[in-house]
């Protein structure tokens, strides 16, 4: 089994009736469950059809009983957080709009999307909504101008993503360098470790932006993709979306561990040479 | 000090070593852009004054100097007039030659005054002109015999420096096209290099002129004001390439001037900023790491505050810099001092926003929240305080509070014109009084003013 050394662990704590829509909770309302968003691949392809018994989870080194595994049936909340600074002006803006539209076209009934755009100005183009047309119109009306507040916008996207039930995908695209954020990257990464959003970062070329997006993706159990050009951005967005759709949500009720502080998580798939990507831990109570 | 950088590869003349400096356009703030410098386009026709119409042939060799002096005398400060247009067409080499001619002429004429004799020898050999009489020199320079004897061009060079300050300002604002061709500079926008260009030579030439002020430019009020006004304007344009050599020379002339120390700190604080640090990655530059530049900034800000304890902007930036260096208790003390001492809305905003971060770092959440809320109250359409309040709540495990604190940002209109966050203009805000200082500098040289 190949567990990435830097894998990180996603978490959602919910109690009782707070289960995501479309899913029947199987645990006591008095017990907090930990939900971990997990990507399992083999030879680069998502592995499908896994059951609870296929997973092994250790919470602070203590083996846990996996209660539930769910996947594609869960609705998605997709937070598009897109760089609309001056560096995107021209052809890349067209590519970005096209890629955003392609992703929105892939949403299913029950899924929702939101649009956050940023230059130095962070703004919400569309709130989290099932009305894809609203998001599409907001995307089409966005203009590229100004500096880049990538860290501020990523934070806003995270908070928006975890404000609702369901699986949250934070897709952050930037081709610029952060030049005007107030928040510090280390502050936002610290919060990212505590929240249940999975971030996928797409950056153009090698830059400090790549470093931030790579770290953000790592700590949330997502993935960072570095592209050389925006020409094939639609394919990149669709691959992200497809991969996220095929992730598992593994939940368990913590046993034999403290209720506070940082919990280191290890997630494995038994008996397969699979690669598992998830958060490395969670803060209880955060 | 200048910088080798990638921009040096932008095809400089092969026989020259061009050192590229950095011209950094860091931020485009909503309220802190300074495009409105008081510059007026003159409608009057420029008519060169005939200095010695009775003997023009004898001045043929000093035509260049005469043209420059005429422009200096006839330029109306703050106005894009014909004298300004005429000199804007000059190259740096022509400007340097005119200054050399002025010095040489004064040297020769000084001896002539001392000996009280006519000159019919090679008095103007170095400037390549024919023989000049002392009367010609008096007419040409407009100086008294005493000034000539003392080789004192102060009245000329002060006025000349104002003309060249105007030319630098007009060029920067796009009102004139530069032909002086100074050093190569790197242009940075949004944290990345977007090109290089040869910058204008007028600030450099203005400093050269003012070095000739007698008896000591370091004790001259006009020179001091010129340096202050220029530093402020350069800061307003985020023109760090211009500010760096300028402020170094200012420190040599005015080593105990708090404003000069302050702008030295402003320069290094900007060098420490993420936008600059990102842009210089992979380039050869003398700019240090963010920490090194922050330490340099701290030294200058601290000295500025020591020289002028009432210099609240230096105090503010000292506080912010100390925070960036991880010295949060010291930072908080400086910022609290600023907040207590001013009712300036902008300083209150910056002070409280920065104080919130320091209080948070010190574990004083309630004080941090109060500081962020005060910042938000000063600029309700600014996003930074709300982002700060939201992350404060979220780091405390309060998801609902984080969402609630963020909501004002999400509710604000997307268009920039509806936003107003001074944080975006923090690095150029040190230059927000540029128009006032330039007006003050120009005032003694306006028509009808007494010098």
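Chains as they are written, first to last, in the numbering used here: chain A, 215 to 500; chain B, 1286 to 1736.
All residues carry an ideal CB built from backbone N, CA and C; glycine is no exception.
Kindly give me the distance between the Cβ atoms of residue 477(A) and residue 274(A), rounded to whole angstroms, as I take these residues to be in contact under 8 Å. Counted from its first residue, the first chain places residue 477(A) at position 263. Counted from its first residue, the first chain places residue 274(A) at position 60. Residue 477(A) to residue 274(A), Cβ: 5 Å. Contact.
If the cut is a Cβ gap below 7 Å, which residues of chain D does residue 1559(B) touch? Among the protein chains of the structure shown, namely A and B, there is no chain D.
Cβ-based neighbour list, residue 397(A), same chain, cut-off 8 Å, excluding 5 preceding and 5 following: As a position in the first chain, residue 397(A) is number 183, starting the count at 1. Closer than 8 Å at Cβ, skipping near neighbours: 365, 366 and 369.
Residues that residue 1669(B) contacts on chain A, provided the C-beta gap is smaller than 7 Å: Position 384 of the second chain holds residue 1669(B). 396, listed in chain order.
Given this structure, state the Cα-to-Cα distance separating residue 1307(B) from residue 1393(B), to the nearest angstrom. Within the second chain, the letter at position 22 stands for residue 1307(B). Within the second chain, the letter at position 108 stands for residue 1393(B). Only weak support exists for where residue 1307(B) lies, its pLDDT of 39 falling under 50; the value from the coordinates is given anyway. For residue 1307(B) and residue 1393(B), the distance between alpha carbons rounds to 40 Å.
Cα-Cα separation, residue 424(A) to residue 395(A): Taking the first chain and counting its residues from 1, the one referred to as residue 424(A) is at position 210. Taking the first chain and counting its residues from 1, the one referred to as residue 395(A) is at position 181. Each residue's Cα considered, the two are about 16 Å apart.
Inspect the CB distances between the region 312-328 of chain A and the region 443-454 of chain A and report whether three or more fall short of 8 Å. yes
Quick check: is the beta carbon of residue 1701(B) nearer than 7 Å to any beta carbon in chain A? In the second chain, the residue the question calls residue 1701(B) occupies position 416. Judged by the 7 Å Cβ criterion, residue 1701(B) is in contact with chain A.
Please decide whether residue 1563(B) counts as near chain A, where near means a Cβ-Cβ distance under 7 Å. Here residue 1563(B) refers to the residue found at position 278 when the second chain is read from its first residue. By this cut-off, residue 1563(B) is an interface position.
Measure the Cβ-Cβ separation of residue 1695(B) and residue 338(A) and say whether it is below 7 Å. Taking the second chain and counting its residues from 1, the one referred to as residue 1695(B) is at position 410. Taking the first chain and counting its residues from 1, the one referred to as residue 338(A) is at position 124. A contact, by the Cβ cut-off of 7 Å.
Kindly say whether residue 236(A), judged by its beta-carbon, lies nearer than 7 Å to any beta-carbon of chain B. One-based indexing of the first chain puts residue 236(A) at position 22. Any answer about residue 236(A) is weak, because its pLDDT of 35 lies below 50 and its placement is not dependable; what the coordinates show is given next. Answer no: the Cβ-Cβ gap between residue 236(A) and chain B never drops below 7 Å.
Taking 7 Å as the threshold (beta carbon to beta carbon), is residue 1335(B) in contact with chain A? Position 50 of the second chain, counting from 1, holds the residue named residue 1335(B). Residue confidence for residue 1335(B) is low, a pLDDT of 39 falling below 50, so the modelled location carries little weight; the figure read from the coordinates is stated next. No - not a single Cβ of chain A is within 7 Å of the one on residue 1335(B).
Between 1503(B), 1491(B) and 1526(B), which has its C-alpha nearest residue 1483(B)'s C-alpha? Against the second chain, residue 1483(B) aligns to sequence position 198. Considering only alpha carbons, the answer is 1526(B).
Going along the chain, which residues of its own chain have a beta-carbon closer than 6 Å to the beta-carbon of residue 1674(B), five neighbours each way excluded? In the second chain, residue 1674(B) corresponds to position 389, counting from 1. The residues are 1657 and 1690.
Within chain B, the residues that residue 339(A) reaches when beta carbons sit closer than 8 Å: Position 125 of the first chain, counting from 1, holds the residue named residue 339(A). Those within 8 Å of residue 339(A) in chain B are 1699.
Determine contact between the region 1535-1550 of chain B and the region 1561-1575 of chain B, defined as no fewer than three beta-carbon pairs at a distance below 8 Å. no
Compare the C-beta of residue 1688(B) against all C-beta atoms of chain A and say whether one is closer than 7 Å. Translated into positions along the second chain, residue 1688(B) becomes position 403. Yes, because at least one Cβ of chain A sits closer than 7 Å to the Cβ of residue 1688(B).
Proximity test, Cβ basis, 7 Å: residue 412(A) and chain B: Indexing the first chain from 1 puts residue 412(A) at position 198. Chain B contact via Cβ: absent.
By the criterion of Cβ-Cβ separation under 8 Å, what are the contact partners of residue 1590(B) in chain A? For the purposes of this step, residue 1590(B) is taken as the residue at position 305 of the second chain. Ordered by position in chain A, no residue passes the 8 Å Cβ test against residue 1590(B), which lies about 25 Å from the chain.
Report back the beta-carbon spacing between residue 1542(B) and residue 1509(B) to the nearest angstrom; my notes put them in contact at under 8 Å. For the purposes of this step, residue 1542(B) is identified with residue 257 of the second chain, where counting begins at 1. For the purposes of this step, residue 1509(B) is identified with residue 224 of the second chain, where counting begins at 1. Rounded, the Cβ-Cβ distance is 7 Å, consistent with contact.
Kindly list the residues whose CB is nearer than 7 Å to the CB of residue 1493(B), restricted to its own chain and excluding five residues on each side of it in sequence; keep chain order. Taking the second chain and counting its residues from 1, one reaches residue 1493(B) at position 208. 1384.
So, residue 1804(B) versus residue 1654(B), is the Cβ gap smaller than 7 Å? Residue 1804(B) cannot be examined here, being either before or after the span of chain B that is shown, 1286 to 1736.
Under 8 Å by Cβ, that's how I've got residue 334(A) and residue 363(A) pegged, so tell me the actual separation to the nearest angstrom. By 1-based counting over the first chain, the position of residue 334(A) is 120. By 1-based counting over the first chain, the position of residue 363(A) is 149. Confirmed, about 5 Å.
As a quick exercise: from 248(A), 281(A), 331(A) and 415(A), pick the residue whose alpha carbon is nearest that of residue 264(A). On the first chain, residue 264(A) is found 50 positions in, with the first residue counted as 1. Out of 248(A), 281(A), 331(A) and 415(A), 281(A) has the C-alpha closest to the C-alpha of residue 264(A).
How would you write the range of the alpha helix (DSSP H) that residue 1491(B) sits in, first residue to last? What you label residue 1491(B) is simply residue 206 of the second chain in a count that begins at 1. Unbroken alpha helix (DSSP H) run through residue 1491(B): 1487-1495.
Going by alpha carbons, who is nearest to residue 383(A) out of 297(A), 473(A), 255(A) and 435(A)? Start at 1 with the first residue of the first chain, and residue 383(A) comes out as number 169. Nearest of 297(A), 473(A), 255(A) and 435(A) to residue 383(A), Cα basis: 435(A).
Could you tell me which residues DSSP pairs with residue 438(A) in its beta bridges? Counted from its first residue, the first chain places residue 438(A) at position 224. According to DSSP, residue 438(A) bridges with 415(A).
Of all the residues that make up the region 322-348 of chain A, which are near chain B by a beta-carbon distance shorter than 9 Å? 330, 331, 333, 334, 335, 336, 337, 338, 339 and 341
Taking the beta carbon of residue 1594(B) as the centre, do at least 16 other beta carbons fall within 10 Å, making it buried, or is it exposed? Locating residue 1594(B) in the second chain gives position 309, counting from the first residue. Flag for residue 1594(B) reads exposed.
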